[in-house]
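*Asks:* Residue numbers (the numbering used here): 609 to 844.
Below you'll find the structure I mean.
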């Protein structure tokens with residue numbers, strides 16, 4: 609005796625058939641969207657969407673299994689982890705990291721002052737306000753000293769630069785004779801030689817002129833013609 613199907617079961621079977629046809633149409637690219645497929649085959653859109661999504665997940669899982677890959681499972685991942693619980697070490701304080709060292713600028717001074725304040729607050733029973741006041745006074749004094757040292761270094765640097773300029777100027781003046789045109793050492797030496805030669809020639813000419821004047825200027829009244837003829841190179 610064949611099973612008796614009720615109207616509801618027949619309707620459900622018919623609807624499942626329509627959903628299968630709609631999915632097949634979507635897979636064959638005959639229909640571009642789920643909404644259009646639901647209207648075409650007269651099936652509920654939500655049911656068609658759920659069936660398509662379930663089929664997609666199933667197909668993806670089967671594809672992972674066929675490739676030898678295990679689908680994501682949080683419990684399985686956690687079971688593979690090697691977890692060891694341990695208590696972390698407490699973070700080291702800034703006091704333990706503090707080391708006394710020479711300071712070179714105001715930033716380092718501020719950092720070291722903060723470290724000293726933190727260390728004293730942990731180890732001393734003195735009220736923090738008194739400690740802060742004392743450290744701030746020392747900090748101010750150190751700051752003034754650093755500023756003074758910086759000014760002195762600047763002044764020394766300026767003096768050294770000025771002294772170097774004077775040395776260079778003195779060296780240039782020793783290599784060059786001071787004049788309006790600024791002769792070089794070679795030009796000055798050549799000029800001295802020329803002046804010496806001119807002076808020697810002038811002396812020689814003065815000597816010749818003096819000798820000539822002495823030999824021809826002795827004038828006697830009775831020998832005037834003879835002296836004149838001697839000067840002119842004539843015979844008496």
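The C-beta atom is built at its ideal place from N, Cα and C for all residues, glycine as well.
What are the uninterrupted segments assigned as alpha helix (DSSP H) that are 4 or more residues long and contained completely in the segment 623-659, given in chain order?
*Replies:* Given a length threshold of 4 residues, each whole run of the alpha helix (DSSP H) inside the segment 623-659 is given here in chain order: 642-649.
*Asks:* Report all residues from its chain with a CB closer than 6 Å to the CB of residue 825; omit the five preceding and five following residues, and keep chain order.
*Replies:* Along the chain shown, one-based indexing puts residue 825 at 217. With a pLDDT of 45 at residue 825, under the threshold of 50, the modelled position of this residue cannot be trusted; read the value that follows with caution. None.
*Asks:* Looking only at its own chain, which residues have a Cβ that is under 7 Å from the Cβ of residue 645, when we skip the five neighbours before and after it?
*Replies:* Taking the first residue of the chain shown as position 1, residue 645 is located at position 37. Only 630, 633, 634, 639, 656 meet the Cβ criterion.
*Asks:* Please classify residue 621: does DSSP put it in a helix, a strand, or coil?
*Replies:* Here residue 621 corresponds to residue number 13 of the chain shown, with the count starting at 1. It is helical.
*Asks:* Report the rounded CA-to-CA distance for residue 774 versus residue 793, giving the unit in angstroms.
*Replies:* Within the chain shown, the letter at position 166 stands for residue 774. Within the chain shown, the letter at position 185 stands for residue 793. Rounded to whole angstroms, residue 774 to residue 793 spans 20 Å at the Cα level.
*Asks:* Can you grab the Cα-Cα spacing for the pair residue 625 / residue 689, in whole Å?
*Replies:* Within the chain shown, the letter at position 17 stands for residue 625. Within the chain shown, the letter at position 81 stands for residue 689. The C-alpha of residue 689 is placed about 46 Å away from the C-alpha of residue 625.
*Asks:* Quick check: the Cα distance between residue 811 and residue 778, rounded to an integer number of angstroms?
*Replies:* In the chain shown, counting from the first residue as 1, residue 811 sits at position 203. In the chain shown, counting from the first residue as 1, residue 778 sits at position 170. Straight-line Cα distance between these residues: approximately 37 Å.
*Asks:* What is the rounded straight-line gap between the Cα of residue 619 and the Cα of residue 683?
*Replies:* In the chain shown, the residue the question calls residue 619 occupies position 11. In the chain shown, the residue the question calls residue 683 occupies position 75. Answer to the nearest angstrom: the Cα atoms are 41 Å apart.
*Asks:* Under a three-way DSSP split, which group does residue 746 fall into?
*Replies:* Residue mapping note: residue 746 aligns to position 138 of the chain shown, counting from 1. Helix at residue 746.
*Asks:* To the nearest angstrom, report how far apart residue 780 and residue 808 are at their CA atoms.
*Replies:* As a working note, residue 780 is residue 172 in the chain shown. As a working note, residue 808 is residue 200 in the chain shown. If I take the Cα positions, the gap works out to 32 Å.
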